[in-house]
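Enquirer:
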Amino acid sequence: MDSNTKFEFHHIINNIQRIALYETKARYFLVGSNNSQTKFRVLKIDRMEPRELNVVDDQQVYSREEIQNLLSMIDVGNRNRQGGSGSPFIPVASAFGIVGFVRFLEGYYIILVTKRRHAAMIGHHSIYKIEDTALIYIPNDGVRRAHPDEAHYFKMFQSIDLSSNFYFSYSYDVTHTLQRNLTSPAGGIPIPPDLRPFLVNEVESADDLFSASSSNVTLENSENSLKFRKSPKKYLGVRSSPNQRFVWNSYLLKQVESILCPDWILHITHGFVSQSNVSIFGCSAYITLIARRSNKYAGTRFLKRGSNFEGDVANEVETEQIVHDSGVSSLQQGRFSSFVQMRGSIPAHWSQDISKMVPKPPIGFDLSDPFAETAGKHINKLFARYGAPIIFLNLVKKREKKIHESQLSIELCNAIRYLNQFLPPKHHIEYVSFDMARKNNQKDVNVMKKLAKIAHDAILRTGIFQNFDPYFQHKNEFILGKPNTIDGHGHLQTGIIRVNCVDCLDRTNTAQFALGKCALGFQLYALGFIQEPKLEFDSDCVRMLENLYEDHGDTLALQYGGSQLVHRIKTYRKTAPWTSQGNDIMQTLSRYYRNTFSDAEKQHTINVFLGLFVPEENKAPIWELPTDYYLHHIVTPRKNIQPRKPLTMWWDKEVLEVLPRAQNELKRTYMQVLLVQPRDQIVDAYQDYYQPLRFSVLEDLFPYKIRNAVWDFMPNCTTDYSPFIVRARPGRRSEESTSRGSIMKNPSLTGQSSTSSTTSSASSGADSEETDAEEDLGAPSDTHSTPSSKDSVKTTTFEAMFPSMHQVYGIQPEAPNPGDLRMLRRFVLIGRNATQPSSTEILNRHSTTRVLFKKQIGIKPVAVGADAKNVYEKFVKRGLEASTNLRAADHNKYTQYVTDRTLEVRDIRILRFGSCE
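With UniProt numbering as the guide, the letters of the sequence shown map in order to residues 1 to 917.
1. Please list the terminal residues of the continuous alpha helix (DSSP H) segment that includes T571.
2. Please work out which residues of its chain come closer than 7 Å, Cβ to Cβ, to G299, disregarding the five sequence neighbours upstream and downstream, and give them in chain order.
3. List the residues that DSSP assigns as beta-bridge partners of G32.
4. Would you say A285 lies against chain D (beta-carbon separation less than 7 Å)?
5. Given that a residue counts as buried once 16 or more other Cβ atoms are within 10 Å of its Cβ, and exposed if not, what is Y108?
6. Taking a contact to mean a Cβ-Cβ separation below 7 Å, would you say R239 touches M649 in this structure?
7. Please work out which residues of its chain come closer than 6 Å, Cβ to Cβ, to H427, disregarding the five sequence neighbours upstream and downstream, and give them in chain order.
8. I need the boundaries of the beta strand (DSSP E) containing S539, first residue and last residue.
9. Report the start-end ranges of each alpha helix (DSSP H) in the segment 639–697 that is 4 residues or longer and not cut off at the edges.
10. From which residue to which residue does the alpha helix (DSSP H) around C518 run?
11. Between E736 and Y721, what straight-line distance do the alpha-carbon atoms span, to the nearest angstrom?
12. Straight-line CA distance for G819 to N833?
13. Select from C518, V499, N394 and K653 the residue whose C-alpha is nearest the C-alpha of K449.
14. Using the Cα positions of D353 and D506, report the straight-line distance between them to the nearest angstrom.
15. Please return the same chain residues whose Cβ sits closer than 7 Å to the Cβ of residue 982, not counting the five positions on each side in sequence.
16. Ends of the beta strand (DSSP E) at L393?
17. So what does DSSP say about I74, is it helix, strand or coil?
18. Count the other CB atoms within 10 Å of the CB of I122; is the residue buried (16 or more) or exposed (fewer)?
19. Three or more C-beta pairs closer than 8 Å, one from the segment 398–415 and one from the segment 328–337: is that the case here?
20. Could you spell out where the alpha helix (DSSP H) holding A146 opens and where it closes?
21. Would you kindly work out how many angstroms separate the C-alpha atoms of Q275 and D712, rounded to a whole number?
22. In the DSSP assignment, what are the bridge partners of K234?
23. Answer yes or no: do L535 and G516 have a C-beta to C-beta separation smaller than 7 Å?
24. Take the Cβ of L331 as the centre, count every other Cβ of all protein chains shown within 10 Å, and call the residue buried at 16 or more, exposed below.
25. Once the 5 residues before and after Q691 are set aside, which same chain residues still bring their CB inside 8 Å of it?
26. Looking at the structure shown, is Q564 part of a helix, part of a strand, or coil, going by DSSP?
27. Per DSSP, what are the beta-bridge partners of D57 in this structure?
28. Excluding the 5 residues flanking T218 on each side, which residues of the same chain have their C-beta closer than 6 Å to its C-beta?
29. Closer than 6 Å by C-beta to I622: which residues in its own chain qualify, once you throw out the five before and the five after it? Chain order, please.
30. Identify which residue in P139, L71, Q493 and F472 has its Cα closest to the Cα of I390.
31. Beta-carbon separation of I322 and Y170 under 7 Å?
32. Please classify L260: is it buried, with 16 or more other beta-carbons within 10 angstroms of its beta-carbon, or exposed?
33. Please classify A863: does DSSP put it in a helix, a strand, or coil?
34. Could you tell me which residues DSSP pairs with K129 in its beta bridges?
35. Could you tell me how far apart the beta carbons of L408 and I496 are, in whole angstroms, since I believe they sit closer than 8 Å?
36. Out of R305, P193, T288 and I290, which has the shortest C-alpha to C-alpha gap to K296?
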């Protein structure tokens, strides 16, 4: 293949975005179409099988006319088969996608998405939230074999509310991070062997490609003939393999994923998606928060703690914060920045005994793990997914009167100390312990300021992702991340910050907000919206971000703990109103009730939904199992045990070789790679979203409905529309004063300031209170000093307000040399003498004017005769009409004057500057 060939890849858009379900006695027909309803596919499901699933995909693409003829033929054929009595070919439902197929003890059900809602946009790619689903039984009633437990399983499965925080996209891979979706793998995109000849040889039409390989090449029929001539740039449509850790319907698709066209497949993720718009003086920046909940070792609060044998921890959630400069909407050409963090339970075998109805069940360790094998497997997966460094931010208590959760801190600290012995020093696991609950109970401690300092140091280590090169005026110490050596542009985030407390709910969400606030400052700085990567509390932008993380925490707490957050961000900022205490008590009681009485049934439902328990005829039902321990902790038979690695080599060699980059990011697999044109419908997200050939109202589109932080959080009486200024008002106390025991109202509700300038940058410094006994294994030493009160006051200078041209653009004009200056002076003098009178003429004019003024007083004007008027009129007329009787002598004299003047100027130039030859 030609080494000069360049590839530009685009994400493939599913051709199945609308589905119509038709029913006959023998079959179900699913007719799927693209968003513009110009291309159709048909799926047939046999209804005469009582227990097996028989699905047929004809792999054909139909036009509108062809699909109408096909449906008419099916209708006529079924009428004739029934003797002409009525039409058995009837529509049953309309949908937007297939979630999957499931079977309990009778036949299969099909799960369809019947309602959807826009949740966010990444470029022109839409992310949808499922609003409603339909569970339709496939076999005909004539072949149905009833079972007494079927209704119980059906009701249990329906308790999984698919309309609650399940998301999907037709074109954007929600299961992967933005960095993974926008960067190329180390070895490039793997080209199918059948496509390689057409990347360097001339192809006349799409028919040649179809005849070459119908399995790897899918080209759409269009009016224009598709020609892929020899060119240095080729366009590829790619469909990446999803991250199965975050695909919650993988079990439901297991039976059909290998036989269906990928356009029928929707990968559903569970978690949280929300998007807000920050208007920065008319320029919109979209801030998107995406939380992906892992399907490994998933469950409820007290029933799933710690980790399983494979290193998968409970309540593992990957949170991604994306900032997009909406000036360019394209995913390939736009400017994006993202920051990824995660939460998860402590990787050890521990649990809590809930047989006793107490608020805090005792913590116990189920298995002893002296060599930290479970923690090693978990951290090895983190290295493979995110690279290095791995930073543990542990918020569990360290000192207690009665030992309860502090034993978890000891276990985690010892495991990391042990594992670090066998790692190279540059890749050591970093451990930061911060007793957040104890510090919050102290009146003279500012918890948010300490978290801001920890967040700043951690983000400096991992960096952020940006798909564009930094501006010239950006300071090097604020350009974070590793340079993208593969794509040549932008910077990459390497490593992950992993936050945990006991439940990974309240304290964890506040710490993640502190990390997100610090990262947002760096993201807006990288995009050029602010001059320093620093954001102040009580600004509109930070209030918006706080609101996002509050919703983020409430949603995840409902999924895992059964109630919303109890201790919120305002609680740790000490700005929550006293009226919120009653709400906290109600949330505590709600969480306690659900954990005690309804979590067991919810855990059974999750096990069935994820396929961990498959109902069978001669098998005890799931509600009769004494425990689900062996569903999540699979014991490998002795004959299948693989040769064990040495305990000192707990990491994979392939993972360690590519650090600090992530192995999963460098080595990827793709479901589909196609040869396309840049404006083909299969990859043109702009056409897919805006539908140019249809009448649409722009104000009805999703970008016009994204919540705007300016209008939601800006006070009505403001005159400064910047979202980054502190909304401070006279007479209000600062956060330092409220931290000494006084509690203020919620600033998000009142619009008043409650803090001074608690920032996310290191310039805020460390507090003057006693320092935490933080255990930092392998982290760099703290070189940031505490600024004095004088140093903290910054004076505005002229240079700061008006930077030089070199500081902004990197180009500074040089001062002209003496020779150029002399030439410039001569040029100015020549122009001045040619257009302005000399000093003698000016003096003569002034003297004449004075004499005329003196003589004019008391003197009558001189009478003008007829001859004088005639002479003057002839003079004016000659000036207007020009002379027509120019004598030959006058013409020769003028020609000689011009020639002499030209030669004189040429001789002067040669004399001064030398000959030009």
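In this text, a Cβ means the ideal position worked out from N, Cα and C, and glycines have one as well.
Expert: Walking through what the data contain:
1. Per DSSP, T571 is one residue of the alpha helix (DSSP H) stretching across I569 to R573.
2. Excluding positions up to five away in sequence, the list reads A314, Q603 and I606.
3. Bridge partners of G32: I19 and R41.
4. Absent from the structure: chain D. Only one protein chain is present.
5. Classification for Y108: buried.
6. No. Outside cutoff.
7. Around H427, the same chain offers A388 and L659 as residues with beta carbons nearer than 6 Å, after the five sequence neighbours per side are excluded.
8. Premise fails: S539 is in no beta strand (DSSP E) and is neither H nor E.
9. Secondary structure remark: continuous alpha helix (DSSP H) runs of at least 4 residues inside the segment 639–697, in chain order: 653–657, 663–666 and 685–690.
10. D506 to A526 is the span of the alpha helix (DSSP H), which, as asked, contains C518.
11. Here the model assigns E736 a pLDDT of 35, short of 50, so the residue's position is not dependable and the matter cannot be decided.
12. Looking at the two C-alpha atoms, the distance is approximately 21 Å.
13. Here the closest residue by C-alpha is C518.
14. Rounded to the nearest whole angstrom, the CA to CA distance from D353 to D506 is 21 Å.
15. Look at the range of the chain in this structure, 1 to 917, and you will see that residue 982 is not part of it.
16. Per DSSP, the continuous beta strand (DSSP E) segment holding L393 begins and ends at I390 to N394.
17. Secondary structure of I74 (DSSP, three-state): helix.
18. With a threshold of 16 other beta carbon atoms within 10 Å, I122 meets it and is buried.
19. The segment 398–415, when compared against the segment 328–337, does not touch it at the 8 Å Cβ threshold.
20. For A146, no alpha helix (DSSP H) run applies, since DSSP gives it neither H nor E.
21. The alpha-carbon atoms of Q275 and D712 are separated by roughly 13 Å.
22. Looking at the DSSP assignment, K234 forms a beta bridge with F7.
23. Contact flag unset, no.
24. With 16 or more Cβ atoms within 10 Å of its Cβ, L331 is classed as buried.
25. Around Q691: N35 and S36.
26. Looking at Q564 - three-state DSSP - the assignment turns out to be coil, as it is neither helix nor strand.
27. Beta-bridge pairing links D57 to L43.
28. Here the model assigns T218 a pLDDT of 36, short of 50, so the residue's position is not dependable and the matter cannot be decided.
29. Exclusion of the five residues before and after I622 leaves H604 and F613 as the residues of its chain whose Cβ lies within less than 6 Å of its Cβ.
30. Checking every option, the nearest Cα to that of I390 belongs to Q493.
31. Remark: C-beta atoms of I322 and Y170 do not approach each other more closely than 7 Å.
32. Counting Cβ neighbours within 10 Å, L260 comes out buried, since at least 16 surround it.
33. Three-state result, A863: coil.
34. Paired residues: R117 and Y167.
35. With a beta-carbon spacing of about 20 Å, L408 and I496 fall beyond the 8 Å limit used to define contacts.
36. For K296, the closest C-alpha among the options R305, P193, T288 and I290 is that of R305.
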